[in-house]
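K.L.:
Line by line, the protein sequences give chains D and P. Residue numbers for the first sequence follow the numbering used here, beginning at 214 and rising by one. Residue numbers for the second sequence follow the numbering used here, beginning at 250 and rising by one. Positions of the beta carbon are idealized from the N, C-alpha and C atoms, including for glycine. First the structure, which I've put down as structure tokens, then a few questions once you've had a look.
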Amino acid sequence: MRELSLHLLDIVQNSIAAAADLIEIEIMEDFKSDRLSIKVTDNGRGMSRSVLQSVIDPFFTTRKTRSVGLGLSLFAQSAQRSGGDLVIRSKEGVGTEVEAVFQYSHIDRPPMGDLQGTLLTLIVLNPTIDLVYRHNYDGRDFVIDTREIKRELDGIPINQGQVVSWMQDFIQEGLAQLRGGRVE
Amino acid sequence: MKSLEELRRLRETLQQDMLARNGDGNPRIIVGMGTCGIAAGAREVMQAIMQQVRERNITVTISQTGCIGMCEKEPLMDVQLPGKGRITYGHVTPKDVESIIVQHVINGQIVEDLVVARLEEGEGQ
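Next up, the structure:
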């Protein structure tokens, strides 16, 4: 994976496969501690202790279509070669939390990439799942909560074309402001 | 900056529009979102689909699937028109999406060069 935002898109697929209906993504870019963390928390079915112990193994998967499960192992490798690590906490029937930590300035840390594309893809393809995205950049926050958007939409599908356009601009502007960039 | 107030105004417009459109019987587009699909460019394909849908103002149902075991042919994009079989396109690039949308989704003609699998209606559904 060439971008962290692609890893994020991939890791959230595990939450979707685990039948989560609330997925929370938290990104923290902290320059003081030279630390970047990406955390995904879901209320899906969770994992047993034995599955949890094997889940980083690329030759472990619960799926039947092929005998490898690369998503988490690739994400873990990416964190580990960037001076960080990946931690998974899970409880059956409660949910799972995956947190990857990177040394921000590490030369091998992949770029964040197209977060807007990842978020829109997740929201458009999974309109029934609630997604909360919190991004803290050097003390500044950007939050998008699809529960709030759905309340405002009052029955209009969140993946309706014009709503997607609104969200695209909202996310683009929010992320640009977060980074102190100018918004036209 | 985009605001929730703007979203509320958009809702009023869309509620009128929804009355005129029937969600049943829409063409279906399915994108492979397994690790293999994402690594091969599924997100960029998905963004191209969203752009085409908006630009051409067409109504489709877009959904995702996981890895179906055809990793080497990712990114995969399936199209199923109402009452027709499901066509799987492989090695799809964002540039291919326009042809698939215009030729297949809008005009009903399969883009044969990009087909990697076919599922007849009712088969494996």
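Thinking C-alpha only, which one of D:Gln226, D:Leu388, D:Leu335 is nearest methionine 325 (chain D)?
P.N.:
For the residues D:Gln226, D:Leu388, D:Leu335, the minimum Cα distance to methionine 325 (chain D) belongs to D:Leu388.
K.L.:
I'd like to know if glycine 201 (chain D) contacts chain P, where contact means its C-beta is closer than 7 Å to some C-beta of that chain.
P.N.:
A question about residue 201 (chain D) goes unanswered here, because the residues of chain D that appear run from 214 up to 397.
K.L.:
Suppose the cutoff is 7 Å on Cβ atoms and the five residues either side in sequence are ignored; what does the same chain contact list for threonine 334 (chain D) look like?
P.N.:
Excluding sequence neighbours, threonine 334 (chain D) sits near Leu222.
K.L.:
Could you check the C-alpha separation between isoleucine 369 (chain D) and tryptophan 379 (chain D) for me, to the nearest Å?
P.N.:
Taking the straight line from one Cα to the other gives about 13 Å.
K.L.:
Given a cut-off of 7 Å on the beta-carbon distance, is the pair tyrosine 346 (chain D) and glutamate 242 (chain D) in contact?
P.N.:
Not in contact: tyrosine 346 (chain D) and glutamate 242 (chain D) (Cβ atoms no closer than 7 Å).
K.L.:
Does threonine 337 (chain P) have its Cβ less than 7 Å from a Cβ in chain D?
P.N.:
It does not: the Cβ of threonine 337 (chain P) has no partner Cβ on chain D nearer than 7 Å.
K.L.:
What residue range does the alpha helix (DSSP H) around threonine 309 (chain D) cover?
P.N.:
Element bounds for threonine 309 (chain D): not the alpha helix (DSSP H) but the beta strand (DSSP E), 308-316.
K.L.:
Taking the straight line between their C-alpha atoms, what separation do you get for isoleucine 350 (chain P) and isoleucine 359 (chain P)?
P.N.:
Whole-angstrom Cα-Cα distance: 10 Å.
K.L.:
For the putative contact between serine 295 (chain D) and arginine 322 (chain D), defined by C-beta atoms under 8 Å, what is the C-beta separation to the nearest angstrom?
P.N.:
Serine 295 (chain D) to arginine 322 (chain D), Cβ: 4 Å. Contact.
K.L.:
Isoleucine 369 (chain D) versus chain P: which residues are under 7 Å apart at the beta carbon?
P.N.:
Chain P residues near isoleucine 369 (chain D): Arg260, Leu263, Gln264, Met267.
K.L.:
Taking a cut of 8 Å between CB atoms, which residues from the region 351-372 of chain P lie near chain D?
P.N.:
From the region 351-372 of chain P, no residue has a Cβ closer than 8 Å to chain D.
K.L.:
Is it buried or exposed for aspartate 343 (chain D), if we count other Cβ within 10 angstroms and need 16 for buried?
P.N.:
With 16 or more other Cβ atoms within 10 Å, it is buried.
K.L.:
State the DSSP-derived secondary structure class of aspartate 298 (chain D), mapped to helix, strand or coil.
P.N.:
Strand.
K.L.:
Just how far apart, CA to CA, sit arginine 305 (chain P) and alanine 289 (chain P)?
P.N.:
Approximately 26 Å, taken between the alpha carbons.
K.L.:
Is phenylalanine 383 (chain D) close to chain P? Criterion is C-beta to C-beta, closer than 7 Å.
P.N.:
With 7 Å as the cut-off, phenylalanine 383 (chain D) counts as an interface residue toward chain P.
K.L.:
Taking C-alpha atoms, which residue in D:Thr359, D:Val376, D:Phe244 lies nearest to serine 318 (chain D)?
P.N.:
Of the candidates D:Thr359, D:Val376, D:Phe244, the one whose C-alpha sits nearest the C-alpha of serine 318 (chain D) is D:Phe244.
K.L.:
I need the straight-line Cα distance from glutamine 329 (chain D) to isoleucine 384 (chain D), nearest angstrom please.
P.N.:
So the alpha carbons of these two residues sit roughly 6 Å apart.
K.L.:
To the nearest angstrom, report how far apart glutamate 261 (chain P) and serine 228 (chain D) are at their CA atoms.
P.N.:
Roughly 33 Å separates the two Cα atoms.
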